[in-house]
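Q: The numbering used here puts the first residue of the sequence shown at 1, with every later residue one more than the last. Backbone N, C-alpha and C fix where the C-beta goes; we use that ideal spot for every residue, glycine too. Before anything else, here's the structure in question.
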Amino acid sequence: MRYKLAVFDLDGTLLDTLKDLWASVNVILKAHNHPERSLEEIRQFVGNGSVKLIERAVPAGTSKEEEKIIHDEYKEYYDKHCNDLTKAYDGILDVLKVLKNNGVKLAILSNKPNFTVEKLNDIYFEGLFEIARGSLPEVAVKPAPDSLLRILDELKIAKEDTVYIGDSDVDVNTAKNAGVDEIAVTWGFRDKDFLEANGATSFANKCEELLDLI
Numbered sequence: 001m002r003y004k005l006a007v008f009d010l011d012g013t014l015l016d017t018l019k020d021l022w023a024s025v026n027v028i029l030k031a032h033n034h035p036e037r038s039l040e041e042i043r044q045f046v047g048n049g050s051v052k053l054i055e056r057a058v059p060a061g062t063s064k065e066e067e068k069i070i071h072d073e074y075k076e077y078y079d080k081h082c083n084d085l086t087k088a089y090d091g092i093l094d095v096l097k098v099l100k101n102n103g104v105k106l107a108i109l110s111n112k113p114n115f116t117v118e119k120l121n122d123i124y125f126e127g128l129f130e131i132a133r134g135s136l137p138e139v140a141v142k143p144a145p146d147s148l149l150r151i152l153d154e155l156k157i158a159k160e161d162t163v164y165i166g167d168s169d170v171d172v173n174t175a176k177n178a179g180v181d182e183i184a185v186t187w188g189f190r191d192k193d194f195l196e197a198n199g200a201t202s203f204a205n206k207c208e209e210l211l212d213l214i
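Next comes the structure, spelled out in structure tokens:
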């Protein structure tokens, strides 16, 4: 294997979480008498964390006070329903096991709330990842490099021995900002043309292709 550490985004990379995100947003929007959003709209809204997701989902002109209330209610609801419709992408578990068995350290880095990342990690990936990390109040979210660099520091792995794998422009820019290699996956929430237009240079179209790239 080329790398000592592979850090994965969660939504759209390891897990197909879109339907649960969509359903949860719409439950809260409906409760506040706001129009519901389509699945495709939510696909475009995700990637920058739950605060940005709600900011994009609420109607224009919504007050910041109401936006915060909706966000807090969304987080509480989604945490209880984050695994209703979610599933791991076909083949990803086998790929992770091969990487781990070949001595590659594995980590998750997501802009989701940290407690939700830990919960989903326990459900799907128990024992596979050295670190499963979501957003923390004291650390800037992706694409700022802070959270990724913190993982490298904790695991004592150099930048040149690390690759970051994700499905969005946020992930591509996170890797670039941190000075590590990136692999963009095309089975997630953004297509290859979009990723290429946003600077991605290395692509995996199927989970098993990661084994040749890592």
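Run the CB neighbour count on residue 115, radius 10 Å, all protein chains shown included, and call it buried at 16 or more, exposed below.
A: Indexing the sequence shown from 1 puts residue 115 at position 115. For residue 115, the number of other beta carbons within 10 angstroms of its own is below 16, and it is reported as exposed.
Q: Sort 7, 11, 2 by Cα distance to residue 117 and report the nearest one.
A: Here residue 117 is taken as the residue at index 117 of the sequence shown, counted from 1. Minimum Cα distance to residue 117 is reached at 11.
Q: Helix, strand or coil: how does DSSP classify residue 114 here?
A: As a working note, residue 114 is residue 114 in the sequence shown. DSSP places residue 114 within a helical segment (H, G or I) once states are collapsed to three.
Q: Is it buried or exposed for residue 168, if we count other Cβ within 10 angstroms and need 16 for buried?
A: Here residue 168 refers to the residue found at position 168 of the sequence shown. With 16 or more other Cβ atoms inside 10 Å of its own Cβ, residue 168 counts as buried.
Q: Have a look at 22, 147, 145, 197 and flag the residue whose alpha-carbon is nearest the alpha-carbon of residue 219.
A: Residue 219 cannot be examined here, being either before or after the span of the chain that is shown, 1 to 214.
Q: In this structure, does DSSP put residue 72 in helix, strand or coil?
A: Stepping through the sequence shown from its first residue, residue 72 is reached at position 72. DSSP places residue 72 in helix when its eight states are reduced to three.
Q: Is DSSP giving residue 251 helix, strand or coil here?
A: Residue 251 is absent from the structure shown; the chain starts at 1 and stops at 214.
Q: Use the C-beta contact count for residue 54: other C-beta atoms within 10 angstroms, 16 or more gives buried, fewer gives exposed.
A: Within the sequence shown, residue 54 is the residue found at index 54, counting from 1. Residue 54 comes out buried.
Q: Using DSSP bridges, identify the partner residues of residue 162.
A: Sequence index remark: in the sequence shown, residue 162 carries index 162 (1-based). Answer by DSSP bridge pairing, in chain order: 5.
Q: Is it buried or exposed for residue 32, if we count other Cβ within 10 angstroms and need 16 for buried?
A: Numbered from 1 along the sequence shown, position 32 holds the residue referred to as residue 32. Answer is exposed; the Cβ neighbour count stays below 16.
Q: Figure out for me which residue from 146, 24, 142 has the closest Cα to the Cα of residue 220.
A: The chain is shown from 1 up to 214; residue 220 falls before or after that span and cannot be answered.
Q: Give me the Cα-Cα distance between residue 4 and residue 98, rounded to the nearest whole angstrom.
A: Numbered from 1 along the sequence shown, position 4 holds the residue referred to as residue 4. Numbered from 1 along the sequence shown, position 98 holds the residue referred to as residue 98. In a straight line, the C-alpha of residue 4 is about 13 Å away from that of residue 98.
Q: How do the stretch 170–177 and the stretch 136–145 stand: do at least 3 beta-carbon pairs fall below 8 Å, yes or no?
A: yes
Q: In the DSSP assignment, the alpha helix (DSSP H) including residue 57 goes from what residue to what residue?
A: What you label residue 57 is simply residue 57 of the sequence shown in a count that begins at 1. Note, residue 57: alpha helix (DSSP H), 50–57.
Q: Find out if the Cβ-Cβ distance for the pair residue 62, residue 17 is shorter than 8 Å.
A: Within the sequence shown, residue 62 is the residue found at index 62, counting from 1. Within the sequence shown, residue 17 is the residue found at index 17, counting from 1. Contact flag unset, no.
Q: Which first and last residues belong to the alpha helix (DSSP H) in which residue 42 is found?
A: Locating residue 42 in the sequence shown gives position 42, counting from the first residue. Segment 39–45, the alpha helix (DSSP H) holding residue 42.
Q: Which residues does DSSP pair with residue 11 in a beta bridge?
A: Looking up residue 11 in the sequence shown gives position 11. Residue 11 pairs with 15.
Q: Classify residue 105: buried if its beta carbon has 16 or more other beta carbons within 10 angstroms, exposed otherwise.
A: Looking up residue 105 in the sequence shown gives position 105. Its Cβ being crowded by 16 or more others within 10 Å, residue 105 is buried.
Q: Taking just the CA atoms, how far does residue 150 sit from residue 177?
A: The residue you call residue 177 lines up with position 177 of the sequence shown. The residue you call residue 150 lines up with position 150 of the sequence shown. Rounded to the nearest whole angstrom, the CA to CA distance from residue 177 to residue 150 is 13 Å.
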